[in-house]
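Right, one structure below, let's go through it.
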Amino acid sequence: PETCDSCRGEAIDEVGLHPSFRGHNQSPALEVCPNGDILMVIYTSYAEYEPTVSLIASRLRFGTDQWDMPERLFDFAASNDHAPMLWTDKNSGIVYFFWGNPRLEGGFPFQWTSSKDNGATWAEVQFPNFMNEIGGRSNQPINTAVRDKNGTLYVACDGVDGESVLWATRDNCKTWYDTGGRTFGRHTTFALLSDGTSILGMGGKRSDIDGFMPRSLTRDGGKTYEVSKTPFCMLGSNQRPSLLRLASGRLFMA
C-alpha cells in the first residue's frame, strides 16, 4: 500500500475519493470529542500554498480501531484553506474549529465554526470582529487554544517570521483583540498554567537560544513575554512542538 504523500491522482481516483483529495496532506488537527470519538481535520493539496488547498476530516469512533473514510469538510473557492485547529469548550461541550487562508489577499487572521454534536454538523462560518488595531501576523492558527479562569479565550496563530501571537476574546467570540505581544518562535504551542492566568508558550521554528528551543511565558494575557532557554533542541524546518495538559495535571511536551 502507498502512503498518502506518495499517492497520485490515479491512485486517489481508483479508491473513489473526491478529486479535491490530493497527495500532500499536512498539519493535522486532532481532538477528543465529548462522546469519546477522535476527530481529525487535515489539509490536502499538491503544494502547500496553492489556491485549491482544502480541508478533509476523518473520525476514529469511540471503541473502534479503524478510522472512517475521509470526507470533504471545508473548501473556500480559490483560497488555500490552511492550518486547522480543534478545541472543545469543556463547560458547554461545543467543539470549535479554527483555520486560516494565509495567501488570501485581504483575508482575516482566522475564521471558525462550531459543532454541538461532536462534529457531525457545523454552524455557519464566523469571522472575527477586532476591537483594536491588529499587528503583524500570518493568517494561520497553530495547534492550541486556551481559556483562562476569567473566561478569556486565547487562540494561537503565527505572527511574522519567527513569532507567534495570541488573539483573544472576553465575550465568547463576539469581539476579539490583539493581545499585543509576540512570542520568540513560529508555531509556538501554548498551555494554561496552574494559576489559571499565566500562559506558557514552548518553542517555535526560526528561533533558538544557543541552539536550544526558546520558552515564552506571559503573565499579562499576551501583552509581554518572558523568554528563556529550554533543554530541548531547536526545531528543524519540518518540525512542530506540541504541548498538552494531561488528566493528571502534568504537562506533556513533544
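In full-length UniProt numbering, the protein residues as written are 1 to 254. Idealized CB from N, CA, C, for every residue including glycine.
Could you tell me which uninterrupted beta strand (DSSP E) segments, each at least 3 residues in length, are contained entirely in the region 154-227, listed from first to last along the chain?
-> Counting only runs of 3 or more, we get 164-169, 189-192, 199-202, 212-218.
Would you call residue 163 buried or exposed, if buried means 16 or more other Cβ atoms sit within 10 Å of its Cβ?
-> Classification of residue 163: buried, given that the 10 Å Cβ count is 16 or more.
Answer yes or no: does any C-beta atom of chain B fall closer than 9 Å to that of residue 69?
-> No chain B is present in this structure, which holds just one protein chain.
Considering only the beta carbon of each residue, do residue 201 and residue 183 sit closer than 9 Å?
-> Yes, the pair counts as a contact, with Cβ atoms nearer than the cut-off.
Under the rule that 16 or more other beta-carbon atoms within 10 Å means buried, what is residue 246, buried or exposed?
-> Burial call: exposed.
Does the distance from the C-beta atom of residue 143 to that of residue 156 stay below 9 Å?
-> Contact annotation: residue 143 and residue 156 have beta-carbon atoms nearer than 9 Å.
From the DSSP output, in three-state form, read off residue 94 for me.
-> Coil.
Tell me whether residue 254 sits in a helix, a strand or coil according to DSSP, three-state version.
-> Coil at residue 254, not helix or strand.
Less than 9 Å separating the beta-carbons of residue 34 and residue 88?
-> Taking 9 Å as the Cβ cut-off, residue 34 and residue 88 qualify as a contacting pair.
Go through its chain and collect everything with a Cβ distance to residue 217's Cβ below 6 Å, but skip five positions before and after it.
-> By the criterion of a C-beta distance shorter than 6 Å, residue 217 is surrounded in its chain by 200, 226, once the five residues flanking it on both sides are discounted.
If you pair each beta-carbon of the region 121-136 with each one of the region 37-57, do three or more pairs fall below 8 Å?
-> Proximity of the region 121-136 to the region 37-57 falls short of the contact definition, fewer than three beta-carbon pairs being nearer than 8 Å.
Taking contact to mean at least 3 C-beta pairs separated by less than 8 Å, is the region 35-42 in contact with the region 75-94?
-> The region 35-42 makes contact with the region 75-94, as at least three CB pairs between them are under 8 Å.
Short Cβ contact (9 Å threshold) for residue 60 with residue 80 | Against a cut-off of 9 Å, the Cβ pair of residue 80 and residue 60 comes out as no contact.
Delimiting residues of the beta strand (DSSP E) encompassing residue 120 = Secondary structure note for residue 120: it is in no beta strand (DSSP E), with a DSSP letter that is neither H nor E.
Leaving out five residues on either side along the sequence, give the residues of the same chain with a beta carbon under 7 Å from the beta carbon of residue 15.
-> The answer is none, since no qualifying residue turns up.
Where does residue 78 fall in DSSP's three states?
-> Note: residue 78 maps to coil in three-state DSSP.
Assigned secondary structure, residue 134 (DSSP; H/G/I helix, E/B strand, else coil) = Three-state result, residue 134: coil.
With DSSP collapsed to three states, give me the class of residue 48.
-> Note: residue 48 maps to coil in three-state DSSP.
Can you list, in chain order, the residues of its chain whose CB lies under 6 Å from that of residue 229, leaving out five sequence neighbours each side?
-> Correct list, in chain order: 209, 212.
Out of 222, 190, 206, point me to the one whose CA is closest to residue 251's CA.
-> Per the Cα distances, 190.
Other residues of its chain near residue 196: CB distance less than 7 Å, five sequence neighbours each side excluded | If we look at residue 196 and ignore the five residues flanking it on each side, its Cβ neighbours are 148, 149.
Proximity to residue 27 [Cα-Cα], best of 19, 17, 57 = Nearest C-alpha to residue 27: 57.
Own chain residues within Cβ distance below 6 Å of residue 244, not counting five before or after = In its chain, beyond the 5 residues on either side, 252 have a beta carbon closer than 6 Å to the beta carbon of residue 244.
Nearest-angstrom Cα distance between residue 222 and residue 77?
-> Distance between residue 222 and residue 77, taken at the CA atoms: about 34 Å.
Nearest candidate by alpha-carbon position, reference residue 97, set 90, 111, 153 | Ranked by Cα distance from residue 97, the options 90, 111, 153 are led by 111.
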